[in-house]
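A.B. asks: Residues 483 to 1175 in this note's numbering are what the sequence shown spells out, letter by letter. Would you mind keeping the following structure in view while I ask a few things?
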Amino acid sequence: MSSFRLITTYSPWLLLACLAVGLLCAWLLYSKRSPWPKSMNYLLAALRFVVVSFLCFLLLGPMVRHANNTTVPPTVVLAVDDSQSVALFTDSLQLAQAEQGLEQVLTRLQAQGYRTEIRTLTAGRAPQRLSEVNYGAETSNLSSLLAGVQEDYAEQNLAGVVLLSDGIVNQGLSPTYANYSYPVYPVAVGDTIPKKDVLVASLRYNKVNYSGNRFPLEVELQQEGFGGTPVTVTLQENGKTIESKTVTLKPDQPFQQVPFQVLANGLGKRHYEIQVQPLEGEFTTLNNTKHAYIDVVKGKIKVLVAAAAPHPDVKAIRAAIESNENYETSLFIPGLSPLKQQDYDVAVLHQLPGRVAGGEEALNLVRQKNLPALYVLGPQSDLNDFNRLKVGLNVSSSGQADEVTVAPNANFNTFMLPEQAQERLQQYPPARVPFGDIHLAPNAEAVLYQQVGRVRTNKPLLVIQTAGEKRNATMLASGTWQWRIVEAAQNEEAQVYDKLITNLIQLLSAPRNKKRLNVYPEETEYTSSDEVRFNAEAYNEALEPIYGQNITLQVKDEEGLIKSFNFANSEKQPSVNIGTLDGGRYTYSASAIINGQPQQDEGEFVVEELQLEALNAVADHNLLYQLASNTNAKLYYPSQLQQLEQDILKANNRDMIYSSEELSDLVDMKWLFFLVLGLVCIEWAVRKYNGSY
483 MSSFRLITTY SPWLLLACLA VGLLCAWLLY SKRSPWPKSM NYLLAALRFV VVSFLCFLLL
543 GPMVRHANNT TVPPTVVLAV DDSQSVALFT DSLQLAQAEQ GLEQVLTRLQ AQGYRTEIRT
603 LTAGRAPQRL SEVNYGAETS NLSSLLAGVQ EDYAEQNLAG VVLLSDGIVN QGLSPTYANY
663 SYPVYPVAVG DTIPKKDVLV ASLRYNKVNY SGNRFPLEVE LQQEGFGGTP VTVTLQENGK
723 TIESKTVTLK PDQPFQQVPF QVLANGLGKR HYEIQVQPLE GEFTTLNNTK HAYIDVVKGK
783 IKVLVAAAAP HPDVKAIRAA IESNENYETS LFIPGLSPLK QQDYDVAVLH QLPGRVAGGE
843 EALNLVRQKN LPALYVLGPQ SDLNDFNRLK VGLNVSSSGQ ADEVTVAPNA NFNTFMLPEQ
903 AQERLQQYPP ARVPFGDIHL APNAEAVLYQ QVGRVRTNKP LLVIQTAGEK RNATMLASGT
963 WQWRIVEAAQ NEEAQVYDKL ITNLIQLLSA PRNKKRLNVY PEETEYTSSD EVRFNAEAYN
1023 EALEPIYGQN ITLQVKDEEG LIKSFNFANS EKQPSVNIGT LDGGRYTYSA SAIINGQPQQ
1083 DEGEFVVEEL QLEALNAVAD HNLLYQLASN TNAKLYYPSQ LQQLEQDILK ANNRDMIYSS
1143 EELSDLVDMK WLFFLVLGLV CIEWAVRKYN GSY
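Okay, structure coming up:
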């Protein structure tokens, strides 16, 4: 239903003036004797009167108020908990009775003028009938379901939500803690009687472990009705039993821990399966198995810290490096700490090469092993020998020093520092740097600049060299141990200093990526309900990104089954969706022809099977009762659906009328322009036809 109203920005009495102007114009033009009949003269005068009066009326700024009234009937949403637990642990006859009864309730509500809709936990197209609902959701997030209804039906005359559920929640917040603007009418299904069962409730383990080390894997068992019964727990990998333990379930403890010590062999993703041998009389064995996925990586990154002589900087740098548990340091100071023969990944050379003898052993090791290194310059550094190393910069100094503070490079984005880095770096005390000319190589970049007083210079303070055969970094400051102490004193921790050093070590120790085809999953771990996406990058010989390359991707599961996908990488759509996968460890290989040369890439990822719905077989009708009470409603069972219908109708939900108004200037209506133009043209044509202008 809509209505129109004409309003003006001036007094409506001015309409009389508009009519007067139109009447005067018509009288002045058509009061004289004319060559055409009197009836024609009156018609032309009327046309002139209408046109002039209307044009004068437009000067008053008239506007049209358009009001729309929309009638919205009350809506009842049937929210269905389509999780697996509903179908697994609800009597099939009870569930069928509930579905059939609710279908009839919805039909009768529609006959009474209500609108109805079915919503489920599963994303996608909403089912039109309850018979179309497939109880396959792997999690129960009732809070998200009800919150989505409230958001979608805001100001849409929502009469209430009928919730068909067993009350089991295993993801998200409990819906009893939320405030809903509509009544919730729960229909309870499922069984509230505890069942005799033994299940693997949870697993505790580190997801990343070092190769060759043993790591703890703790199994938490839960039992109901099997107190005093022995049970066997086995740990398997690739179908082979690694270890088996038999424990006696304690009658007075529903939960019990079973520890394992597992040897991390090899590198990459490992898949372990924990099983509880089924016991006679168990309600279900679906929850007797759980899976663990770990990533076995190479041992800790070994960092050689070598110095020409003892210095507080050395202790500060070692402390920063060891703040990351993945790094370990080995100290070498000539005459004090011998050089250990290890397979180092990166080196930190403090004032090496130096002006005095000593330290050559560490320098030779760096050259022989071609190790990436962080060079820290100071008063004892031999700058001539340092320049001959060609590690990204050349320093010319007469031996004098300058005191400078830190100025971050705003354009540096190779790695990120904490959000508070900008503020903390500027609070660092001055450090000593060589005074002279500093020239950066084309393959080097400044991380920090020198600042003298309040003047920021273009001289670098910290430089990284990332292009070339190996990576290097150079810190031109001596006395940075004060930075760490001051930051820790002011902020209780030296987070920015430690992060700066560990980021440098991580960058230097990272392997060089010279692959021209780089295909990788967006995540290393998925769940069986997630859609798996792959990113694809292709490069030319200059390692510049190129697009439109045809790529073949093959994904293989633990059983050897291979799925193939063909796609082309795109700048606007760099990822490809291969859909959901069953739980397990997967390997993949990708291939493409880039500029006539075959290129390949490979890797692995894991998909964790969600078993949340099989963990709890006992329905929680108390949660549904509390949810109904919070929204001034009642709890119903499948045999009480007629009462549910009556209560909804008794709520006396009425149609709601929503009004909307729109103002528009009359002069903006194009059809009025053509109407006035048409009237003027008619008058002109008649006058010309009868011999007058």
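Using N, Cα and C, we set each Cβ at its ideal position, and we do this for glycine too.
Helix, strand or coil, according to DSSP, for Phe742 in the structure here?
C.D. replies: The residue you call residue 742 lines up with position 260 of the sequence shown. Correct three-state label for Phe742: strand.
A.B. asks: Please report the Cβ distance between Gln659 and Thr1113, rounded to the nearest whole angstrom; I am assuming they are in contact, meaning their Cβ atoms lie under 8 Å.
C.D. replies: For this step, residue 659 is matched to residue 177 along the sequence shown. For this step, residue 1113 is matched to residue 631 along the sequence shown. It should be pointed out that residue 659 corresponds to Tyr in this sequence rather than to Gln. Actually they are not in contact, since the Cβ atoms of Tyr659 and Thr1113 sit about 13 Å apart, beyond 8 Å.
A.B. asks: Among Leu1063, Thr711, Ala1050, which residue has its Cα nearest to the Cα of Ser1073?
C.D. replies: Locating residue 1073 in the sequence shown gives position 591, counting from the first residue. When only C-alpha atoms are compared, the closest one is Ala1050.
A.B. asks: In whole angstroms, what is the alpha-carbon distance linking Ala923 and Gly874?
C.D. replies: Locating residue 923 in the sequence shown gives position 441, where the first residue counts as 1. Locating residue 874 in the sequence shown gives position 392, where the first residue counts as 1. Cα to Cα, the separation comes out at about 5 Å.
A.B. asks: Using the Cβ count rule (16 or more neighbours within 10 Å means buried), how would you classify Ala1139?
C.D. replies: In the sequence shown, the residue the question calls residue 1139 occupies position 657. Contrary to the premise, residue 1139 reads as Ile rather than Ala in this sequence. By the 10 Å Cβ count, Ile1139 comes out exposed.
A.B. asks: Determine whether the beta carbon atoms of Ser960 and Ala892 lie at a separation below 8 Å.
C.D. replies: On the sequence shown, residue 960 is found 478 positions in, with the first residue counted as 1. On the sequence shown, residue 892 is found 410 positions in, with the first residue counted as 1. No; because the gap between Cβ atoms is not below 8 Å, this pair is not in contact.
A.B. asks: Rank Val1088, Leu588, Gly1061 by C-alpha distance to the C-alpha of Tyr1068 and give the top, closest one.
C.D. replies: Numbered from its first residue, the sequence shown carries residue 1068 at position 586. Per the Cα distances, Val1088.
A.B. asks: For Phe708, which residues in the same chain have their Cβ closer than 7 Å to its Cβ, ignoring the five residues on either side in sequence?
C.D. replies: Locating residue 708 in the sequence shown gives position 226, where the first residue counts as 1. If we look at Phe708 and ignore the five residues flanking it on each side, its Cβ neighbours are Lys678, Val680, Leu731, Leu761.
A.B. asks: Got a sec? Which residues, its chain only, sit under 8 Å from Ala746 by beta carbon, not counting five neighbours each side?
C.D. replies: Locating residue 746 in the sequence shown gives position 264, counting from the first residue. Closer than 8 Å at the Cβ level, and outside the excluded window around Ala746, lie Asn691, Tyr692, Ser693, Gly694, Asn695, Arg696, Phe697, Arg752, Ile776, Val778.
A.B. asks: Indicate whether Ile600 and Ser622 have their beta-carbon atoms separated by less than 8 Å.
C.D. replies: Taking the sequence shown and counting its residues from 1, one reaches residue 600 at position 118. Taking the sequence shown and counting its residues from 1, one reaches residue 622 at position 140. No.
A.B. asks: Shorter than 8 Å from the beta carbon of Glu901 to some beta carbon of chain D?
C.D. replies: Among the chains in the structure shown there is no chain D, since it carries only a single protein chain.
A.B. asks: Would you tell me roughly how many angstroms separate the C-alpha atoms of Leu1035 and Glu1004, rounded to the nearest one?
C.D. replies: As a first step, residue 1035 is located in the sequence shown; it is residue number 553 there, counting from the start. As a first step, residue 1004 is located in the sequence shown; it is residue number 522 there, counting from the start. So the two alpha carbons sit approximately 14 Å from each other.
A.B. asks: Would you say the region 556 to 565 touches the region 635 to 653, given that touching needs at least three Cβ pairs under 8 Å?
C.D. replies: At 8 Å Cβ cutoff, the stretches touch.
A.B. asks: Taking the CB atoms as reference points, tell me whether Asn940 and Gln947 lie closer together than 8 Å.
C.D. replies: As a position in the sequence shown, residue 940 is number 458, starting the count at 1. As a position in the sequence shown, residue 947 is number 465, starting the count at 1. Going by C-beta atoms, Asn940 is not nearer than 8 Å to Gln947.
A.B. asks: For Leu628 versus Val666, is the C-beta spacing smaller than 8 Å?
C.D. replies: By 1-based counting over the sequence shown, the position of residue 628 is 146. By 1-based counting over the sequence shown, the position of residue 666 is 184. Yes; because the gap between Cβ atoms is below 8 Å, this pair is in contact.
A.B. asks: Thinking C-beta only, is Ala790 closer than 8 Å to Gly836?
C.D. replies: Against the sequence shown, residue 836 aligns to sequence position 354. Against the sequence shown, residue 790 aligns to sequence position 308. In this structure, Ala790 lies closer than 8 Å to Gly836 by Cβ.
A.B. asks: Go ahead and label Asp919 buried or exposed: buried means 16 or more other beta carbons lie within 10 angstroms of its beta carbon, across all protein chains shown.
C.D. replies: By one-based count along the sequence shown, residue 919 stands at place 437. Classification for Asp919: exposed.
A.B. asks: What's the C-alpha gap between Tyr809 and Tyr857?
C.D. replies: Sequence index remark: in the sequence shown, residue 809 carries index 327 (1-based). Sequence index remark: in the sequence shown, residue 857 carries index 375 (1-based). Going from the Cα of Tyr809 to the Cα of Tyr857 covers about 18 Å.
A.B. asks: For the region 1151 to 1168 against the region 517 to 529, do three or more pairs of beta-carbon atoms, one drawn from each stretch, fall closer than 8 Å, so that the two count as touching?
C.D. replies: Result yes; three or more Cβ-Cβ pairs closer than 8 Å.
A.B. asks: Starting from Thr589, trace the beta strand (DSSP E) in both directions and tell me its first and last residue.
C.D. replies: Numbered from its first residue, the sequence shown carries residue 589 at position 107. No beta strand (DSSP E) contains Thr589, which is instead part of the alpha helix (DSSP H) from 574 to 593.
A.B. asks: Along the alpha helix (DSSP H) that carries Val631, what are the first and last residues, could you check?
C.D. replies: By one-based count along the sequence shown, residue 631 stands at place 149. Residues 624 to 634.
A.B. asks: Can you give the Cα-Cα distance for Cys507 and Pro494, rounded to whole angstroms?
C.D. replies: Counted from its first residue, the sequence shown places residue 507 at position 25. Counted from its first residue, the sequence shown places residue 494 at position 12. If I take the Cα positions, the gap works out to 21 Å.
A.B. asks: Using the rule of at least 16 other Cβ atoms within 10 Å of the residue's Cβ for burial, across every protein chain shown, is Val945 buried or exposed?
C.D. replies: Stepping through the sequence shown from its first residue, residue 945 is reached at position 463. The residue is buried, with at least 16 neighbouring Cβ atoms inside 10 Å.
A.B. asks: Return the chain-ordered list of same chain residues with a C-beta closer than 6 Å to the C-beta of Pro609, the five sequence neighbours on each side being excluded.
C.D. replies: As a working note, residue 609 is residue 127 in the sequence shown. Hits under 6 Å: Ile600, Val615.
A.B. asks: Going by DSSP, which residues form a beta bridge with Ala619?
C.D. replies: As a working mapping, residue 619 is identified with position 137 in the sequence shown. DSSP output for Ala619 lists Ser565 as bridge partner(s).
A.B. asks: Leaving aside the five residues before and after Ser516 along the sequence, list all residues of the same chain whose C-beta is less than 6 Å from its C-beta, in chain order.
C.D. replies: As a working mapping, residue 516 is identified with position 34 in the sequence shown. Closer than 6 Å at the Cβ level, and outside the excluded window around Ser516, lie Asn523.
A.B. asks: Excluding sequence positions up to five away, which residues of its chain have a Cβ less than 7 Å from the Cβ of Pro799?
C.D. replies: Working through the sequence shown from its first residue, we reach residue 799 at position 317. For clarity, residue 799 is Ile in the given sequence; the question names Pro instead. The residues are Val787, Val830, Ile983.
A.B. asks: On the CB-based measure, 16 or more other CB atoms within 10 Å of its CB, does Ser863 come out buried or exposed?
C.D. replies: Position 381 of the sequence shown, counting from 1, holds the residue named residue 863. That one is buried.
A.B. asks: If you run the structure through DSSP and keep just helix, strand and coil, what is Lys872?
C.D. replies: The residue given as residue 872 occupies position 390 in the sequence shown. Three-state result, Lys872: coil.
A.B. asks: What ranges does the beta strand (DSSP E) occupy inside the region 795 to 855, keeping only unbroken runs of at least 3 residues that lie completely in it?
C.D. replies: DSSP runs (the beta strand (DSSP E)) wholly in the region 795 to 855: 809 to 814, 828 to 832.
A.B. asks: Could you check how far apart the C-beta atoms of Leu542 and Leu496 are, in whole angstroms? I think they sit under 8 Å.
C.D. replies: Here residue 542 corresponds to residue number 60 of the sequence shown, with the count starting at 1. Here residue 496 corresponds to residue number 14 of the sequence shown, with the count starting at 1. Confirmed, Cβ separation roughly 6 Å.
A.B. asks: Rounded to whole angstroms, what is the Cα-Cα separation between Lys727 and Thr572?
C.D. replies: In the sequence shown, residue 727 corresponds to position 245, counting from 1. In the sequence shown, residue 572 corresponds to position 90, counting from 1. Computed Cα separation, rounded: 34 Å.
A.B. asks: Using 10 angstroms around the beta-carbon of Lys772, count the other beta-carbons present and answer buried if the total reaches 16, otherwise exposed.
C.D. replies: The count along the sequence shown starts at 1 and reaches residue 772 at position 290. Counting Cβ neighbours within 10 Å, Lys772 comes out buried, since at least 16 surround it.
A.B. asks: What residue does the alpha helix (DSSP H) around Val1088 start on, and which one ends it?
C.D. replies: The residue you call residue 1088 lines up with position 606 of the sequence shown. First-last for Val1088: 1079 to 1090, but that is the beta strand (DSSP E), not the alpha helix (DSSP H).
A.B. asks: From His921 to Pro942, what distance separates their C-alpha atoms?
C.D. replies: Your numbering for residue 921 matches position 439 in the sequence shown. Your numbering for residue 942 matches position 460 in the sequence shown. About 9 Å.
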